[in-house]
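Protein chains: 2
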Amino acid sequence: MKVCSIGVGLIGGSMALALKKHFPKTIVHGLDASKAHVEKAIALGIIESEAKFSDLSNFDLVIISVPVDAIASTAQKVLANIHENALVVDMGSTKAKICEELANHPKRNQFLPAHPIAGTEFSGPSASFADLFEGARMIICEPEATRLDLRKKAYQYFQQLGMELQFMTPKAHDQHLAYVSHLSHVSSFMLGKTVLDLESNEKEIFRLAGSGFASTVRLAKSNPTTWSAIFSENKEEVLTSLRAYQKNLSLFEEVIKNNDVEGLKQLLESTSRIKEIII
Amino acid sequence: MKVCSIGVGLIGGSMALALKKHFPKTIVHGLDASKAHVEKAIALGIIESEAKFSDLSNFDLVIISVPVDAIASTAQKVLANIHENALVVDMGSTKAKICEELANHPKRNQFLPAHPIAGTEFSGPSASFADLFEGARMIICEPEATRLDLRKKAYQYFQQLGMELQFMTPKAHDQHLAYVSHLSHVSSFMLGKTVLDLESNEKEIFRLAGSGFASTVRLAKSNPTTWSAIFSENKEEVLTSLRAYQKNLSLFEEVIKNNDVEGLKQLLESTSRIKEIII
Chain X
191 MKVCSIGVGL IGGSMALALK KHFPKTIVHG LDASKAHVEK AIALGIIESE AKFSDLSNFD
251 LVIISVPVDA IASTAQKVLA NIHENALVVD MGSTKAKICE ELANHPKRNQ FLPAHPIAGT
311 EFSGPSASFA DLFEGARMII CEPEATRLDL RKKAYQYFQQ LGMELQFMTP KAHDQHLAYV
371 SHLSHVSSFM LGKTVLDLES NEKEIFRLAG SGFASTVRLA KSNPTTWSAI FSENKEEVLT
431 SLRAYQKNLS LFEEVIKNND VEGLKQLLES TSRIKEIII
Chain E
191 MKVCSIGVGL IGGSMALALK KHFPKTIVHG LDASKAHVEK AIALGIIESE AKFSDLSNFD
251 LVIISVPVDA IASTAQKVLA NIHENALVVD MGSTKAKICE ELANHPKRNQ FLPAHPIAGT
311 EFSGPSASFA DLFEGARMII CEPEATRLDL RKKAYQYFQQ LGMELQFMTP KAHDQHLAYV
371 SHLSHVSSFM LGKTVLDLES NEKEIFRLAG SGFASTVRLA KSNPTTWSAI FSENKEEVLT
431 SLRAYQKNLS LFEEVIKNND VEGLKQLLES TSRIKEIII
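One line per chain: the protein sequences are X and E, in this order. The numbering of the first sequence is the numbering used here, which starts it at 191 and goes up by one. The numbering of the second sequence is the numbering used here, which starts it at 191 and goes up by one.
Now the structure itself:
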């Protein structure tokens with residue numbers, strides 16, 4: 191199989207490596223807005239060589255892993271250039287706007303909107319690894335809009351990579367992900383900023399940080415380009431989840447202000463169910 | 191050496207195990223508000239047997255690892271019962287109120303306020319392990335108020351456990367810890383609550399959570415009794431750090447609302463220094 195990976199960062203690079211691991215005859219070419227990323231991806235053996243949009247008619251599978259606000263326009267360029275049995279899959283962390291913008295595309299049935307629930311706080315080709323998707327969930331949206339033979343192929347690829355498929359509407363996807371992923375990133379980025387803002391003597395303060403702080407700000411290391419696009423694309427759902435979070439922080443503030451130790455304990459206990467859910 | 195560990199949870203239990211590991215002749219007895227904890231600590235070999243406040247004259251070292259709002263009163267009971275060469279050390283995560291309440295105690299010079307920067311999100315005797323303090327920092331407050339021979343002994347014990355000593359005023363301790371520890375816990379507890387509140391179909395949603403969510407809500411598993419006490423004892427500093435955090439969340443909200451993608455990217459980039467600080 192001939193694959194073109196558009197975007198050779200953490201997700202696109204790992205997808206290239208995973209496909210080559212599980213389908214040994216696969217050849218992957220790549221494309222990236224960053225020349226340095228392309229060179230790095232070639233040097234690391236992630237892709238064989240650089241591709242061009244005008245060459246896309248040679249590929250059977252095109253994976254799009256660029257910032258979410260560039261996915262729809264990239265997909266349009268890709269669809270314009272592929273052969274009639276090629277499959278195009280995007281890996282975006284938001285789905286509603288992308289699906290909407292491509293809904294009426296004449297080649298919509300060659301496109302499958304997907305989102306792997308996998309990643310780390312690191313980015314770029316050098317963060318890629320073949321087993322990133324092993325055991326992870328792959329969310330698929332609007333499968334009925336993709337040609338049956340093509341979507342069946344996609345399912346087979348993902349399952350071969352060790353992924354579990356889950357089907358959701360784009361809207362449900364974006365709502366849920368706002369809570370369990372995007373809000374965690376907002377919280378972490380702003381927590382990192384708060385501590386950096388207020389502590390002039392950095393070394394002093396960070397030497398006092400235990401593993402708890404490291405854990406809560408880990409996501410603040412994530413790629414700002416990737417995440418500013420996700421927050422913008424999923425603006426309404428992110429704002430809704432953020433307001434719910436702010437309300438709870440205000441509730442916490444009130445309870446503390448009122449010296450209500452029992453109320454505070456109850457408030458903390460109300461979240462202890464997390465233990466049973468997240469191991 | 192004869193040690194009494196008052197509180198045999200994660201910290202007191204680990205301190206008992208660590209002292210026995212590094213000082214093989216040590217005998218540790220224990221005391222805990224929870225009968226079940228005492229029994230568990232004996233069964234796990236953390237302590238030899240249960241102690242009583244009235245027996246404390248037999249011990250050379252008393253470690254206090256109870257919720258911070260009970261430390262000062264516990265220390266008073268302990269100091270009333272020890273012999274004249276015994277040392278009492280507390281392990282509390284807050285220091286200003288404890289130091290203040292004990293400042294004029296007639297046996298203040300047998301007490302040393304300390305705080306190990308070590309812990310996990312788990313609690314109770316079964317969460318204890320001997321190497322918890324290896325390589326960790328031990329913050330010491332007001333050393334000059336502790337008798338020279340006794341504080342020297344304490345430093346030797348902690349260093350033998352692989353800890354690095356750091357001296358701070360109680361106020362500076364509480365200010366810094368509010369930012370790098372207490373605020374992370376507030377953020378994590380309330381993030382956990384927000385997601386639990388809003389998602390009625392729990393299984394569905396948590397199956398979508400990636401490792402990022404697990405990382406940011408990890409601290410929400412922490413013991414509510416321990417943490418409601420810490421937040422209450424360090425109320426003013428926690429509120430100050432929380433307000434700074436809320437301000438940054440509002441700033442984020444504004445930037446998103448205004449569709450200011452470039453501003454958003456800059457905002458996220460402003461925290462990327464975290465990468466160089468937290469590895």
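Even glycine gets a Cβ: it sits at the ideal position worked out from N, Cα and C.
Would you mind stating whether residue i and residue j have Cβ atoms separated by less than 8 Å?
i, j, result
"valine 445 of chain E", "isoleucine 446 of chain X", "no"
"valine 258 of chain X", "alanine 368 of chain X", "no"
"valine 228 of chain X", "serine 195 of chain X", "no"
"leucine 458 of chain X", "phenylalanine 379 of chain E", "yes"
"leucine 277 of chain X", "leucine 340 of chain X", "yes"
"lysine 210 of chain X", "phenylalanine 243 of chain X", "no"
"isoleucine 288 of chain E", "aspartate 280 of chain E", "yes"
"tyrosine 193 of chain X", "isoleucine 236 of chain X", "The sequence given here has valine at residue 193 of chain X, not tyrosine. Taking 8 Å as the Cβ cut-off, valine 193 of chain X and isoleucine 236 of chain X do not qualify as a contacting pair."
"alanine 233 of chain E", "leucine 322 of chain E", "no"
"serine 204 of chain X", "phenylalanine 357 of chain X", "no"
"asparagine 294 of chain E", "threonine 384 of chain X", "no"
"isoleucine 253 of chain E", "glycine 282 of chain E", "no"
"isoleucine 329 of chain E", "histidine 363 of chain E", "yes"
"proline 315 of chain E", "lysine 230 of chain E", "yes"
"leucine 386 of chain E", "arginine 433 of chain X", "no"
"leucine 355 of chain E", "tyrosine 347 of chain E", "no"
"alanine 326 of chain X", "proline 306 of chain X", "yes"
"threonine 406 of chain X", "glycine 382 of chain E", "no"
"glycine 400 of chain E", "alanine 308 of chain X", "yes"
"glutamate 311 of chain E", "arginine 408 of chain E", "yes"
"threonine 264 of chain E", "glutamate 423 of chain E", "no"
"leucine 302 of chain E", "threonine 336 of chain E", "yes"
"tyrosine 435 of chain E", "serine 377 of chain E", "yes"
"alanine 241 of chain E", "leucine 221 of chain E", "yes"
"proline 442 of chain X", "isoleucine 468 of chain E", "The sequence shown places phenylalanine at residue 442 of chain X, rather than the proline named in the question. Not a contact, by the Cβ cut-off of 8 Å."
"glutamate 332 of chain X", "proline 296 of chain X", "no"
"threonine 415 of chain E", "lysine 425 of chain X", "no"
"glutamine 300 of chain E", "histidine 212 of chain E", "no"
"lysine 465 of chain X", "lysine 215 of chain E", "no"
Using DSSP bridges, identify the partner residues of residue i.
i, result
"glycine 220 of chain X", "X/Ser195, X/Glu240"
"valine 252 of chain E", "E/Cys194, E/Val278"
"glutamine 356 of chain X", "X/Ile329"
By the criterion of Cβ-Cβ separation under 8 Å, what are the contact partners of residue i in chain X?
i, result
"alanine 308 of chain E", "Gly400"
"tyrosine 345 of chain E", "Chain X residues near tyrosine 345 of chain E: none, gap ~18 Å exceeds 8 Å."
"arginine 327 of chain E", "Arg397, Leu398"
"serine 460 of chain E", "Lys383, Leu386"
"leucine 470 of chain E", "Examination of residue 470 of chain E is not possible in this model, given that chain E is present from 191 through 469 alone."
Output, in chain order, the set of chain E residues within a Cβ distance shorter than 8 Å of residue i.
i, result
"lysine 287 of chain X", "Within 8 Å Cβ-Cβ: nothing; lysine 287 of chain X doesn't reach chain E, min ~13 Å."
Which residues of chain X have a Cβ atom closer than 7 Å to the Cβ of residue i, listed in chain order?
i, result
"alanine 443 of chain E", "The sequence given here has glutamate at residue 443 of chain E, not alanine. Ordered by position in chain X, the residues that pass the 7 Å Cβ test against glutamate 443 of chain E are Leu429, Leu432."
"valine 451 of chain E", "Ser418, Ser422"
"leucine 367 of chain E", "Leu398"
"lysine 455 of chain E", "Pro414, Thr415, Ser418"
"lysine 425 of chain E", "Ile446"
Going along chain E, which residues have a C-beta under 9 Å from residue i?
i, result
"isoleucine 468 of chain X", "Gly382, Phe396, Ala399, Phe403, Ala404, Val407, Arg408, Ala410, Lys411"
"asparagine 438 of chain X", "Phe379, Met380, Leu381, Lys383, Thr384, Asp387"
"lysine 225 of chain X", "Near lysine 225 of chain X there are no residues of chain E at all, since even the closest Cβ is about 20 Å away, more than 9 Å."
Run through chain E and tell me which residues come within less than 7 Å of residue i, C-beta to C-beta.
i, result
"lysine 470 of chain X", "Nothing can be reported for residue 470 of chain X, as the shown portion of chain X is limited to 191 through 469."
"isoleucine 330 of chain X", "By Cβ distance, chain E contributes nothing, its closest Cβ being about 13 Å from isoleucine 330 of chain X, past 7 Å."
So with CB distances below 9 Å, who are the chain X contacts of residue i?
i, result
"isoleucine 201 of chain E", "Per Cβ cutoff of 9 Å: no residues; isoleucine 201 of chain E is ~12 Å from chain X at best."
Problem set entry | beta strand (DSSP E) runs contained entirely in the segment 298-350 of chain E, provided each spans 3 or more residues | 301-306, 327-331
Problem set entry | Residues, ordered as in the chain, of the segment 390-423 of chain E that lie near chain X by beta-carbon distance below 7 Å | Glu392, Ile395, Phe396, Arg397, Leu398, Ala399, Gly400, Gly402, Phe403, Ala404, Ser405, Thr406, Val407, Arg408, Leu409, Ala410, Lys411, Pro414, Thr415, Trp417, Ser418, Phe421, Ser422
For this session: Output, in sequence order along the chain, the residues in the segment 229-253 of chain X whose CB is closer than 9 Å to any CB in chain E.
Result: none
Exercise. The segment 370-389 of chain E: which residues have C-beta closer than 9 Å to a C-beta of chain X, in chain order?
Worked result: Val370, Ser371, Leu373, Ser374, His375, Val376, Ser377, Ser378, Phe379, Met380, Leu381, Gly382, Lys383, Thr384, Val385, Leu386, Asp387, Leu388, Glu389
For this session: Give the residues from the segment 347-362 of chain E that approach chain X closer than 7 Å (Cβ to any Cβ), ordered along the chain.
Result: none
Exercise. Just by C-beta distance, which residues in the segment 257-277 of chain X are closer than 7 Å to chain E?
Worked result: none
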